[in-house]
Amino acid sequence: MSDELLDAITYSTTEEGIKEQLDTLLPNAGRVFNFHTALDTVRAMDAYLRKPELYQLNDYHYLLLYDALLNLCDLHNEAIKDCETEEDRIQLSQIGDYLIRELLFDEMVDIYFFDTDFLLNPDDAFNLGMQGRNGLNVSEETFHISQGFAPHPEELELKEYEGEAPAPPEASPYFGSKSKVYPDFDYKINSSAL
């Protein structure tokens, strides 16, 4: 995502062009992030990902991840679809040791995002009122995102996770050596039947 953002600013010569690119790359997060804040936050998230400690993400971070995942899936799937030869398709499908022909965005969101309240419609969030938002556990941060409020720098600080560390992930139940899509729900069904 940081490469995509850098390309956007490199090839856009006007503020309007940069805003247009930001809206394309970050259709949801672009409502609350400007270019520099988005780039800095993506870079910080990438740096913290490489640390051994676990860090807590908030809805601003998840909003960026949501759009980054959408962008990744779109780019990957379009590139595979546009291949003229099977050899090119195989080369572009290679992710590590696997050949992934299609990344399924909606299915990944269902698996990896515990909620998507950060996508709440501004009018719906406002019309819920305080009591309605509290009843649905819509945080103040989520409400601010729905209303298009830019994040405060403190809201973008990644804080070390203080809960119990989760168990290391085992092999994915949504993917196997013969899977051509990710996530592969047929793999989960077939592997659980064994």
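In the working numbering, the protein residues as written are 90 to 283. Here a beta-carbon is modelled for each residue, glycine too, at the ideal position from N, C-alpha and C.
Apart from the five residues just before and just after residue i, which ones in its own chain have a Cβ nearer than 6 angstroms to its Cβ?
i	result
K269	R190
R52	Since the first residue of the chain shown is 90 and the last is 283, residue 52 is not available in this structure.
H165	L192
T99	none
Determine the burial state of residue i: buried for a count of at least 16 other Cβ atoms within 10 Å of its Cβ, exposed for fewer.
i	result
G119	buried
S266	exposed
I184	exposed
L209	buried
I179	exposed
L111	buried
F122	buried
D206	buried
In its own chain, which residues sit with a C-beta less than 8 angstroms from the C-beta of residue i, not counting the 5 before and 5 after it?
i	result
L283	Low confidence applies here, because L283 scores a pLDDT of 47, under 50, leaving its location unreliable; read the following figure in that light. Excluding residues within five positions, none has a Cβ falling inside 8 angstroms.
E244	N147, Y149, E230
A214	R222, V227, T231, F232, S235, Q236
L114	M90, E93, L94, A97, D156, N160
L153	M90, L115, A118, F122, A127, T130, V131, M134
Since residue i sits in a beta bridge, which residues does DSSP pair it with?
i	result
I184	Y187
Y271	L192
Y144	E249
Give every residue of the same chain whose Cβ lies closer than 7 angstroms to the Cβ of residue i, excluding the five residues on either side of it in the sequence, and list them in chain order.
i	result
L188	I179, S182, K269
A272	Ala is not the amino acid found at residue 272; the sequence shown has Pro there. For P272, where only same-chain residues beyond five positions count, the Cβ hits under 7 angstroms are L193, E196, M197, I200, Y263, F264.
P116	D156
**Prompt:** Does the count of Cβ pairs from the region 231-245 and the region 120-128 closer than 8 angstroms reach three?
**Reply:** In short, these stretches touch, since the Cβ pair count reaches three.
**Prompt:** Quick one: any contact between the region 167-178 and the region 95-111, if contact means 3 or more CB pairs under 8 angstroms?
**Reply:** Under the 8 angstroms Cβ criterion, the region 167-178 does not count as touching the region 95-111, having fewer than three qualifying pairs.
**Whole runs of the alpha helix (DSSP H) within the region 93-129, excluding any shorter than 4 residues** = Along the region 93-129, the alpha helix (DSSP H) occurs as fully enclosed runs of 4 or more residues at 104-114, listed in sequence order.
**Prompt:** When the Cβ atoms of the region 136-145 are set against those of the region 244-252, are three or more pairs found closer than 8 angstroms?
**Reply:** Touching, yes, given that three or more Cβ pairs across the two stretches are closer than 8 angstroms.
**Asked** Can we say the region 213-226 touches the region 129-142, given the rule of at least three CB pairs closer than 8 angstroms?
**Response** Three or more beta-carbon pairs separated by less than 8 angstroms are not found between the region 213-226 and the region 129-142, which leaves the two stretches without contact.
**Request:** Would you check if the region 190-199 and the region 147-158 touch, i.e. whether three or more CB-CB distances between them fall below 8 angstroms?
**Result:** The region 147-158 and the region 190-199 touch, with no fewer than 3 CB-CB distances between them shorter than 8 angstroms.
**Message:** If we require 4 or more residues per run, which alpha helix (DSSP H) segments fall completely within the region 198-257?
**Reply:** Taken in chain order, the complete alpha helix (DSSP H) segments of 4 or more residues contained in the region 198-257 are 211-224, 229-235.
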